[in-house]
Each structure stands twice: as structure tokens, then as C-alpha cells.
Amino acid sequence: MTDRRLSNSTRQALPDSVAIPGYDRNRVVPGIVHLGVGAFHRAHQAAYVDDCLAAGETDWGIVGVSVRSADTRDALAPQDGLYTLAVRSSDSESLRVVGSILSMLVAPEDPGAVLAALTDPRTAIVTLTITEKAYLRAAGGGLDTAHPDIAHDLANPQIPRTAHGFLAEALARRRVAGIQPFTVLCCDNLPANGATLRRLLVEFAALRGTDLARHIAD
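Here it is in C-alpha cells:
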């Protein structure tokens with residue numbers, strides 16, 4: 005006898021001690037794109053969004069984006085994006101299946117698909133847990149304009165490699181299409197993380213053109 009892998013079709017067979025999503029995942033609409041689907045995101049943000057979906061707020065499904073490796077996508081795709089979260093205390097453990105991640109993209113494999121998700125009018129929030137290193141800051145705290153990935157994204161805005169490149173290009177496309185900009189929420193452990201990301205993104209956009217930088221800054 006072989007164990008069956010977790011998926012939409014097998015979750016109902018789990019023991020009663022394992023909580024499963026009580027909502028219809030087919031009715032969930034993607035409203036969040038998350039860059040950097042690591043363990044922190046899956047244990048915290050995705051679980052909180054799962055709670056919102058269970059409460060009937062079904063416009064907040066997550067499109068996850070792996071910014072470097074395909075490992076997380078390859079692990080979650082056969083499970084329809086489902087995974088089990090264990091919450092432990094000194095004397096207890098609870099298990100729940102989280103269903104908020106609707107799909108997974110790998111940025112280096114298909115940057116166009118990531119841009120399409122970011123440009124989707126349904127996308128209202130973009131969250132990030134990409135680690136401090138990925139913000140590409142120079143020694144003085146500003147954008148490292150000498151970094152080869154920054155140079156690449158300025159020369160090739162249609163196929164970006166960095167978070168800055170993806171966000172700037174998506175916001176530019178939304179502006180041209182008359183789509184409202186999304187809210188960007190930095191969830192990395194940086195001092196003044198939101199202000200830091202905003203400053204770096206505006207610096208990057210200014211290298212593409214003052215109009216885009218002004219649009220993002222506003």
C-alpha cells in the first residue's frame with residue numbers, strides 16, 4: 005500500500021484531526037501575487053489569507069512566484085498548491101491544510117507569465133519575502149545600479165530578473181492599460197521596509213524615465 009499525496013482529490017480522506025479548507029477553492033479569485041514563496045510566507049501570510057478565504061473573502065487567492073528556484077513550485081504543483089502546516093506549542097500540535105496558494109510561477113522560467121499575473125486587473129496586492137539580499141542595495145543604502153541584474157532589467161524590461169524590474173514593468177503596463185496600481189507590501193526583515201522598497205523602486209523607475217518614477221512615487 006502506498007500513501008496518497010495530498011491534493012484536491014485526496015484531502016477529504018485525511019484524518020479528522022487535520023483541518024482542511026472549508027471553502028470551495030474553485031470559487032477563489034486570485035487577488036494577491038506573492039514574490040518569494042518560502043517557509044515564512046507559507047507558515048504566516050498564506051495561512052492568514054487562508055483564514056480570510058474561510059471567512060468568505062474569496063477575492064484574495066494567492067499566485068505564488070518563485071524568484072529563483074523551481075523547487076517550491078515542483079513540490080506544490082502535484083498537490084494543487086495544498087500543503088500541511090504544523091503549529092506546535094510546548095504541549096500540543098495542530099495540523100491544517102492551507103489552500104490559499106492557487107498557482108505557482110517560476111520567474112526565470114517564464115517572466116512573461118509573472119508579468120501577466122502582476123498586470124491582471126484582479127491583482128490588488130503584491131507581497132514580498134525575497135530576503136534582504138534581493139533588494140540589491142549599494143553600500144550607502146541606495147539602489148546598486150552597478151548590479152548586472154539591474155543593468156539587465158533596464159535593457160530588457162520585458163524579461164526582468166529582479167523584483168524591481170517586475171514591479172516597475174507591471175506598474176508601467178497597468179498605467180498604459182488604465183488599470184489601477186496594486187498595493188506593494190514588503191514583508192522582509194528590513195528597517196523601515198516599506199519606505200525602503202518604495203525608495204529603491206522609485207530609484208529604479210527613474211532610470212527608466214521620470215514619468216514612470218513620478219507615477220510610482222505618487
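The letter at position 41 of the sequence shown is residue 45 when you use this note's numbering, and the numbering goes up by one with no holes. By construction, the Cβ of each residue, glycine as well, lies at the ideal position given by its N, Cα and C atoms. None of these values were measured; they are calculated from a predicted model.
For this session: Output the boundary residues of the alpha helix (DSSP H) element that contains T131.
Result: Not the alpha helix (DSSP H): T131 falls in the beta strand (DSSP E), residues I129 to L132.
Exercise. How long is the line joining the alpha carbons of S104 and Y139, rounded to whole angstroms?
Worked result: 26 Å
Exercise. Should S70 go down as buried or exposed, given a rule of 16 or more other Cβ atoms within 10 Å for buried?
Worked result: buried
For this session: Could you tell me which residues DSSP puts in a beta bridge with H38?
Result: G68 and T131
Exercise. Comparing alpha-carbon positions, which option in R203, A176 and P185 lies nearest L216?
Worked result: A176
Exercise. In chain order, what residues of the same chain have a beta carbon less than 6 Å from the beta carbon of T127, not counting five sequence neighbours either side?
Worked result: V37 and F186
For this session: Compute the Euclidean distance between the alpha carbons of Q49 and R9, then round it to the nearest angstrom.
Result: 24 Å
Exercise. Using the C-alpha atoms, what's the distance from R165 back to E113?
Worked result: 10 Å
Exercise. How far does the alpha helix (DSSP H) with I220 in it reach, from first residue to last?
Worked result: T214 to A221
For this session: Quick one: using the 10 Å Cβ neighbour count with 16 as the cut-off for buried, is D54 buried or exposed?
Result: buried
For this session: Give the range of the beta strand (DSSP E) segment to which A90 is assigned.
Result: Y87 to R92
Exercise. Just curious, the alpha helix (DSSP H) that T76 is in, first and last residue?
Worked result: D75 to L80
Problem set entry | Among A142, R218, S13 and F44, the one whose alpha carbon lies nearest that of C191 | F44
Problem set entry | For C190: DSSP bridge partner residues | L132
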